[in-house]
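According to mature numbering (1 follows the signal peptide of the UniProt record, and there is no 0), the stretch in the sequence shown is residues -30 to -1, 1 to 635, in order.
Cβ coordinates follow ideal geometry from the N, Cα and C atoms, glycine included.
Take a look at the structure set out below.
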Amino acid sequence: MTVIIPYKPKEQSTLFFFLCLSLRLRFTESVQMLETLDEFDMEKSIEDFEAMTKDAERVQRKTLKKILEENGSAEYLQGLGLNGRTDPESFKACVPLVTHKDLDPYIQRIAEGDSSPILTGKPVPSFSVSSGTTQGRPKFLPFTDELMETTMQIFQTSFAFRNREYPIANGRALQIIYSSKQFKTQGGLPVGTATTNVYRNHKFKTTMKTMQSQCCSPDEVIFGPDFQQSLYCHLLCGIIFRDEVQMISSAFAHSIVLAFRTFELVWEELCADIQDGVLSDRITEPSIRSAVSKLLSPNPKLADLIHGKCSGLSNWYGLIPALFPNVKYIYGIMTGSMEPYLKKLRHYAGELPLLSADYGSSEGWVGANVNPKLPPELATFAVIPNVGYYEFIPLRNSSGERPVGLTEVTVGEEYEVVLTSVAGLYRYRLGDIVKVVGFYNSTPELKFVCRSNLLPSINIDKNTEKDLQLSVEEAAKLLAAEKLEVVDFSSHVDLSTDPGHYVIFWELNGEPTHEVLSECCNCLDKAFVDAGYMSSRKVNTIGPLELRILRKGTFQKILIHYLAQGAAASQFKTPRCVLNNKKVLQILCGNVKLCATENISKGVYVRVLELLCLNLCKRVCGVEAINSTKACLGGTGRLIEDIRDLKMCFLQFLLWRDVLVPRKI
């Protein structure tokens, strides 16, 4: 439709003036953006970091003052009696230590549409939602422009140190990243995972370009609605640009391992796509299919090359350098709950270095990895003193809750981190335990130890997720003789039996013998060295540990479950201890194919008989005992509804006995 505007000289000249002004502004903005791309100076970034860490205490005071001045009108701070004071002493005296539970009522009001200054001086534009995989349920957290600025500062600082050791130039990055769907709160504010909020911000793409780390995949792949289709296309795009790829990265090591496990299954299909220049029928999402098809053209030479590389590998060792000959390193968060994936990642990486990414969370950032040559197990993070205000609760005196300041920590001691962020969190307990391993100038270098949350206690036991990880690592060594490995693991405390006991879930890449499985179970039990656990086991106030072997793909089902709940694959962390999440526990227990207690030839027999007897008293013992029996029988056991079903269930057990219990000849 054509719109005819009547000629009015004065109005027309005014319109022309504003049109020219608009074009000039856009041109200026474009020039400024191009200048920004050229302005990133790695040496200056390092110099700035050096300067602020030499006087970390002063920078911390200045940072706290800035946070309190910008948010002084916030209702939360107004009610604490600061009266405009911004010094650390007054701040600590007036503002209490808090957890998310304490701030949740304020956050809910913002989410419901209250635009008054509640936690921050300026309105909160959006929220991050935690994945919920570590704490059991998602949490809403303010995501502000200021928080985005600190994110980019961390990225640039660590890149400057990283690029000094492993320089990349004019290349691409195979970034295995995903964005979850955003949704709106009741008050109309957008909500997404922290990684989603970062990836969708224009500053992210601009910063990646300045750091010469442009993603191989088009936006349609990153923001695609189907995780598995996006994963396939990430791999395909990486191969298309294989000679340009100089870095492989993801938010977490888990995503990288999962990507190359998937490659093992689909590599021939990828080769066929490249051979014919036609995208696989598995890609049905129109936006993804259209974007990736534009990058594809028939390339038989490349397809033959990739086919030859894959065919020549031994058990996929060195897959990454074989596919991407110019890759300098692999980058992602590899500490804490990601450490169990390092063995497999090293297998794929061959001789390529693994570099752990920076230390932060959905709540905010803490430190940057400025020692990139350290292996992930020894990775340290230098606290950047101008991105937040930090306190540390001494772990051996946590009951006293007397935090010390950034420059007051002691080398060798462990602390819980307390964060005051630019996004409205004040004296917020992150729940992370760190160890101070040294100082970079006057700012501490931290090593992540574990989350502070304990596994549920049965008696007087106090095991952490780190204790669980160490136990699994020790027992997994026994699998080497059979060329098996633990794909992933989780745990649960079963209180349906008397006494309660630990249940460890393993998914393996093959079938173990009964003898090895029994040895692994015994090793797991003995590897928990917490004094409370050991003494409780001796007097039988905690029952024998139970090891349950899962069907292949069980943890993939758990990932898909979380994605369906709105989590982003980039931010997924396997729940190491399943507490009250009934759906995840159902997935685990419904996919058990073998189980062992202290001795497979004795323990399974006794354990199943014990549970069968317990089920006869189901009115007393409840449903959990029935579910335990079903799981112990590989998910195929008949539920005992009354005593008449005992005969059928026991006959079924006898059939299973020959599978579960090895016969001695």
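For lysine 543, the secondary structure class from DSSP, reduced to helix, strand or coil, is coil. Scanning its chain for C-beta atoms nearer than 6 Å, with the 5 sequence neighbours on each side dropped, one finds around proline 188 the residues Ala261, in chain order. DSSP places alanine 229 inside the alpha helix (DSSP H), whose first and last residues are 223 to 246. Note that the stretch 45 to 57 does not touch the stretch 374 to 390; fewer than 3 beta-carbon pairs, one per stretch, sit closer than 8 Å. DSSP places proline 58 in the uninterrupted alpha helix (DSSP H) bounded by 58 to 64. Note on lysine 417: 16 or more other CB atoms within 10 angstroms of its CB, so buried under the neighbour-count rule. Using a Cβ distance threshold of 9 Å, tyrosine 136 and lysine 14 do not count as a contacting pair.
Beta-carbon to beta-carbon, alanine 164 and serine 98 are separated by about 4 Å, close enough to satisfy the 8 Å threshold. Under DSSP, leucine 159 forms no beta bridge with any residue. For aspartate 402, DSSP records a beta bridge to Arg421.
Per the C-alpha coordinates, the member of Phe230, Pro310, Pro270 positioned closest to tyrosine 287 is Phe230. Counting only unbroken stretches of 3 or more residues, the beta strand (DSSP E) elements lying wholly within the stretch 120 to 170 are 142 to 145, 160 to 162, in sequence order. CA-CA distance, phenylalanine 211 to alanine 143, rounds to 9 Å. In the DSSP assignment, the residues bridged to serine 98 are Leu111, Gly162. In the DSSP annotation of this structure, glycine 208 is not part of any beta strand (DSSP E); the continuous alpha helix (DSSP H) holding it starts and ends at 197 to 210. In the DSSP secondary-structure assignment, threonine 377 is not bridged to any residue. In terms of Cβ geometry, threonine 166 and glutamate 82 do not form a close pair [threshold 9 Å]. With a contact defined as Cβ atoms closer than 8 Å, isoleucine 428 and isoleucine 512 qualify at about 5 Å. Looking from the CA of leucine 117, the closest CA among Lys173, Ile147, Leu73 belongs to Lys173. In this structure the stretch 477 to 491 touches the stretch 444 to 453; the number of beta carbon pairs closer than 8 Å is three or more. According to the DSSP secondary-structure assignment, glutamate 386 is paired through a beta bridge with Ile363, Ile403. According to the DSSP assignment, valine 191 belongs to the alpha helix (DSSP H) that extends over 189 to 192. Annotation for alanine 352: the continuous beta strand (DSSP E) segment containing it runs 351 to 353. When the five nearest sequence neighbours on each side are left out, the beta carbons in the same chain lying within less than 6 Å of the beta carbon of isoleucine 124 are those of Asp328, Trp335, Ala338, in order along the chain. Counting along the chain, phenylalanine 525 sits inside the alpha helix (DSSP H) bounded by residues 524 to 534. Residue pairing by DSSP places phenylalanine 459 opposite Trp476 in a beta bridge. Shown here, glutamate 481 sits in coil according to DSSP, grouped into three states, outside any helix or strand.
In this structure, valine 562 sits away from valine 554, with a CB-CB distance that is not shorter than 9 Å. By the neighbour-count definition (other C-beta atoms within 10 Å, threshold 16), aspartate 11 is an exposed residue.
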